[in-house]
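Residue numbers (numbering that gives the first Met the number 0), protein chains in the order written: chain A, 0 to 239; chain B, 0 to 412. By construction, the Cβ of each residue, glycine as well, lies at the ideal position given by its N, Cα and C atoms. Being a predicted model, the structure only gives us computed values, none of them experimental. Below you'll find the structure, written out as structure tokens, and then a few comments.
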Amino acid sequence: MEINKPGLGAYVTATYPSKSAFLNAIKCLSEVSDFLEVGIPTLNPKYDGPVIRRTHFTAELKGLEAIGVAKYGAVPTILMGYFEDYVDKLELVAQVASDVGASSVLFPDLLFEYIDRLEDYVVTMRNYGLRPSFFVASNTPHRLINLLVKYEPLFIYLGLYAATGIRLPLYIERNIREVRRLVDGITLVAGFAINSPEMVRLVINAGADAVVVGTALVDRLNNEEECRRFMMNLRGGLPR
Amino acid sequence: MIPHYWYNINVDLPKPLPPPIDPYDGDSRIALLTRILPSELLDQEFTALRYVPIPDEVRELYARVGRPTPLLRAVGLERALGTGVRIYYKFEGALPAGSHKLNTALAQVYYAIKDGAREVVTETGAGQWGLAVSLASSLLGVKATIFMTRSSYLSKRQRVLFMRVYGAEVHPSPSELTRHGREALRARPDHPGSLGLAITEAIEYTLMGEGRKYIPGSVLGFVILHQTVIGMEAIKQLPEEPDLVVGCVGGGSNFSGFSFPMIGAKLRGEGFERTRFLAVESEAAPKLTKGRYAYDFPDSGGLLPMVKMLTLGHDFVPPPTHAAGLRYHGAAPALSLLVKEGIVETRTYGQEEVMEAARLFARTEGIIPAPESSHAIKAVIDEAKRLPRGSVIVFNLSGHGLLDQDFYEKVVG
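So this is what it looks like as structure tokens:
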């Protein structure tokens, strides 16, 4: 399943703030998002900012058990986990992802800390009928990005800032343009600290195909109406 | 000719640089950066550009202070060694504050002023960085406040004096100005200070007042980026491609600034294919050879985000050495990664052997080298004896040692 371009994705941590609220949230978000990114709750959400970290710590269930409470696939769904937690359990993650109807598993620490497992990851994804996807930072080596393109991933995710939800004074448009140049025709998803239709527009205009919102959604997840209104407002930033 | 660009090696590294992370206790250090650092510096830390334009104003300042610095042939040293190896060195001590530190001080103060800062705040150990910031602030017309470790404040009186000549306010750290300083003094009235505590005080002081920006002297990516002006110039100046490139490492900014443009060319397959790169550290802080490659704080106080680097631990207290600029627990993340990947070789020297090298260099080349840079000289001498005739070595002479009386009294004593 490909990701709509231009697209808006929503990030939620599985079973945060509770199992039932999470189930309501993904149902609602599936109606107003082009894709979902579902975090596998971890004890070490190292690249996340304080808000998303809190969702990992307070999720009702932990690990893959939290993922298993729902069926996904109304819109393309990508699981997001830290490779560190699944170094020896890659097949299990792929199996679960496949069972629940996800399209890919994104490991933000794969390239930064486990690059020797890159090939292994790609093969495992494919063996379970999933597509690989990759997380890069703005200063990720150009040659590595060129290599990632050859794996024909579902998308390449550009983290716009150092951690989720923490905005820094960076020229993100320039960084998106640089990475766009390198990823060629592969779907480029951008995220971190996106919270307004203006920012959605800016990121898409700079060359991203889709954006993900996470931190800004967290406090709205309990209120279906507010959540829906917020996402619809962000959609206003997508070019028609 | 002054380069138009600084070089960002991150985008050419053989593996990606792991991102900085926050620890789980306390407030976000990453978020804190936006309150204390000039914004352009944060952008440069994460830029996707390979070549970052040097603002015209900074290029003009580089010209005013004497850039490009000379690349000299060490004819006297070559003769004394008699090994038939040709030796060149880039002399950063030719800059008015006496070391390479001015390359980033000028850029950082420039960017701080662009953000509306009326005062820049920093820490210094031996005083090379403090002196460079004082000079840069004086040239650019902004106030500099320097927290200097108390032991150095008392022993390096000339550097304190010259910082004041440039108009800086210099405080021994721990000081009465900050909460952290007062607490340290209460616990121990004769506290000698530490670089970590001085950083903590500088950051606290920055947050206490309006119009202040904090600027750091090493380790961070943008510091190294600015220092690549050394290597960008050297590539143009070198009459022949070296077999060996050498520099000393405290936090890594002079070695990296000098070598990264050449290492980058090698990684991209655009030259320097047969060149080796050698980073030299002090026995007092052997992070390159004995450090762990792990996430750690760049400052002892743990106020900055954690970065993945070769480190002896942020609470490691190096024993005293006259090369105070090498007394640092970690090495810059990109340099650490290159060491890890075997692209940069490492070596460790003790103080005694380095003194002999400093003496020989002074007597054959006429320049009194900084104790820190003398570590590089020692490695050059050893390598010149090993390499085949006709080999070429180039090293970075990161500073002069004219203010290092304590070191030279031992050298002649």
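For residue i, the nearest candidate out of the options (CA to CA)
i: residue 78 of chain A; options: A:6, A:38, A:182, A:116; result: A:38
i: residue 273 of chain B; options: B:292, B:293, B:165, B:242; result: B:242
i: residue 198 of chain B; options: B:115, B:296, B:155; result: B:296
i: residue 113 of chain B; options: B:141, B:45, B:172; result: B:141
i: residue 411 of chain B; options: B:359, B:259, B:326; result: B:359
i: residue 263 of chain B; options: B:1, B:3, B:14, B:0; result: B:14
i: residue 317 of chain B; options: B:289, B:305, B:341; result: B:289
i: residue 165 of chain B; options: B:155, B:144, B:154; result: B:144
i: residue 64 of chain A; options: A:23, A:14, A:48; result: A:14
i: residue 70 of chain B; options: B:64, B:217, B:235; result: B:235
i: residue 126 of chain A; options: A:90, A:82, A:101, A:140; result: A:90
i: residue 87 of chain B; options: B:213, B:244, B:214; result: B:244
i: residue 418 of chain B; options: B:388, B:371, B:387; result: Residue numbering for chain B in the displayed model covers 0 to 412; residue 418 of chain B lies beyond these limits and cannot be assessed.
i: residue 120 of chain B; options: B:216, B:367, B:18, B:305; result: B:216
i: residue 164 of chain A; options: A:140, A:214, A:208, A:5; result: A:214
Beta-carbon proximity of residue i to residue j, cut-off 8 Å
i: residue 217 of chain A; j: residue 54 of chain A; result: yes
i: residue 198 of chain A; j: residue 31 of chain A; result: no
i: residue 309 of chain B; j: residue 329 of chain B; result: yes
i: residue 280 of chain B; j: residue 248 of chain B; result: yes
i: residue 147 of chain A; j: residue 191 of chain A; result: no
i: residue 6 of chain B; j: residue 50 of chain B; result: yes
i: residue 110 of chain A; j: residue 41 of chain B; result: no
i: residue 145 of chain A; j: residue 45 of chain B; result: no
i: residue 52 of chain A; j: residue 44 of chain A; result: yes
i: residue 361 of chain B; j: residue 380 of chain B; result: no
i: residue 342 of chain B; j: residue 161 of chain A; result: no
i: residue 159 of chain B; j: residue 136 of chain B; result: no
Beta-carbon proximity list for residue i, same chain, < 6 Å, skipping 5 on both sides
i: residue 384 of chain B; result: 82
i: residue 247 of chain A; result: Lying before the first or after the last residue shown, residue 247 of chain A is absent from chain A, which here runs from 0 to 239.
i: residue 102 of chain B; result: 225, 226, 228
i: residue 80 of chain B; result: 383
i: residue 386 of chain B; result: 84
i: residue 81 of chain A; result: 41, 108
Own chain residues within Cβ distance below 7 Å of residue i, not counting five before or after
i: residue 255 of chain B; result: 223, 226, 331, 333, 334
i: residue 16 of chain B; result: 9, 332, 333, 336
i: residue 352 of chain B; result: 377
i: residue 152 of chain A; result: 130, 131, 132, 133, 185
i: residue 98 of chain B; result: 91, 92, 127, 131, 369, 397, 398
i: residue 200 of chain A; result: 236
i: residue 74 of chain A; result: 29, 32, 33, 34, 35
i: residue 128 of chain A; result: 97
i: residue 320 of chain B; result: 281, 283, 326, 350
i: residue 156 of chain B; result: none
i: residue 172 of chain A; result: 201, 205
i: residue 150 of chain B; result: 191, 192
i: residue 123 of chain A; result: 89, 90, 93
i: residue 303 of chain B; result: 28, 296, 297
i: residue 94 of chain B; result: 64, 65, 68, 101
The ligand HEM heavy atom lying under 7 Å from the CB of residue i
i: residue 27 of chain B; result: By its list of ligands, the structure shown contains no ligand whatsoever, and the ligand HEM lies outside what it can speak to.
Residues near residue i by beta carbon distance below 8 Å, same chain, minus five either side
i: residue 240 of chain B; result: 270, 271, 273, 274, 391
i: residue 206 of chain B; result: 34, 35
i: residue 339 of chain B; result: 292, 309
i: residue 48 of chain B; result: 7, 10
i: residue 299 of chain B; result: 193, 194, 195, 196, 198, 199, 313, 314, 328
i: residue 437 of chain B; result: Since the displayed chain B opens at 0 and closes at 412, residue 437 of chain B lies outside it and no answer follows.
i: residue 117 of chain A; result: 109, 110
i: residue 68 of chain A; result: 13, 14, 18, 21, 22, 60
Any C-beta of chain C under 8 Å from that of residue i
i: residue 162 of chain A; result: Given the protein chain composition of this structure (A and B), no chain C is represented.
Requested in this report: Please specify which runs of the beta strand (DSSP E), each continuous and at least 3 residues long, are wholly inside the region 178-240 of chain B, giving them in chain order.
Outcome: 211-213
Query raised in the report: Which whole runs of the alpha helix (DSSP H) in the region 155-193 of chain A are 4 residues long or more, in chain order?
Result: 171-182
Query raised in the report: Between the region 43-54 of chain A and chain B, which residues of the former have a C-beta closer than 7 Å to a C-beta of the latter?
Result: 45, 46, 48, 49
Query raised in the report: Using a Cβ cut-off of 8 Å, which residues of the region 4-23 of chain B contact any Cβ in chain A, in chain order?
Result: 7, 9, 10, 11, 12, 13, 14, 15, 16, 17, 18, 19, 20, 21, 23
Query raised in the report: According to a CB-to-CB cut-off of less than 9 Å, which residues of the region 380-399 of chain B neighbour chain A?
Result: none
Query raised in the report: When you check each C-beta in the region 212-236 of chain B against every C-beta of chain A, which residues fall closer than 7 Å?
Result: none
Requested in this report: Output, in sequence order along the chain, the residues in the region 176-194 of chain A whose CB is closer than 7 Å to any CB in chain B.
Outcome: Of all residues in the region 176-194 of chain A, only 177, 178 place a beta-carbon less than 7 Å from a beta-carbon of chain B.
Query raised in the report: Along the chain, which unbroken stretches of the alpha helix (DSSP H) at least 4 residues long are found entirely within the region 105-186 of chain B?
Result: 127-139, 149-154, 156-164, 178-186
Report task. Scan the region 94-124 of chain A for residues whose Cβ lies nearer than 7 Å to a Cβ of chain B and list them as they occur along the chain. Result -> 110, 111, 112, 114
Requested in this report: May I ask you to list, following chain order, the residues of the region 111-141 of chain B that have a beta carbon less than 7 Å from some beta carbon of chain A?
Outcome: none
Query raised in the report: Using a Cβ cut-off of 9 Å, which residues of the region 173-206 of chain B contact any Cβ in chain A, in chain order?
Result: none
Query raised in the report: What are the start and end residues of each continuous alpha helix (DSSP H) run of 4 or more residues lying completely inside the region 233-278 of chain B, in chain order?
Result: Counting whole runs of 4 or more residues, the region 233-278 of chain B contains the alpha helix (DSSP H) stretches 252-266.
Query raised in the report: In chain order, which continuous runs of the alpha helix (DSSP H) of length 4 or greater are located wholly inside the region 48-78 of chain A?
Result: Listed in chain order, they are 49-57, 62-66.
Query raised in the report: Taking the runs of the alpha helix (DSSP H) that are 4 residues or longer, which of them lie wholly in the region 32-97 of chain B?
Result: 38-44, 55-63, 74-80
Query - Whole beta strand (DSSP E) elements within the region 70-138 of chain A, 3-residue minimum - result: 76-79, 103-105, 133-136
Query raised in the report: Taking the runs of the beta strand (DSSP E) that are 3 residues or longer, which of them lie wholly in the region 375-402 of chain B?
Result: Within the region 375-402 of chain B, the runs of beta strand (DSSP E) that reach at least 3 residues and sit entirely inside it are, in chain order, 391-396.
Query raised in the report: What residues in the region 128-149 of chain A have a beta carbon less than 8 Å from any beta carbon of chain B?
Result: 135, 136, 137, 138, 139, 140, 141, 142, 143
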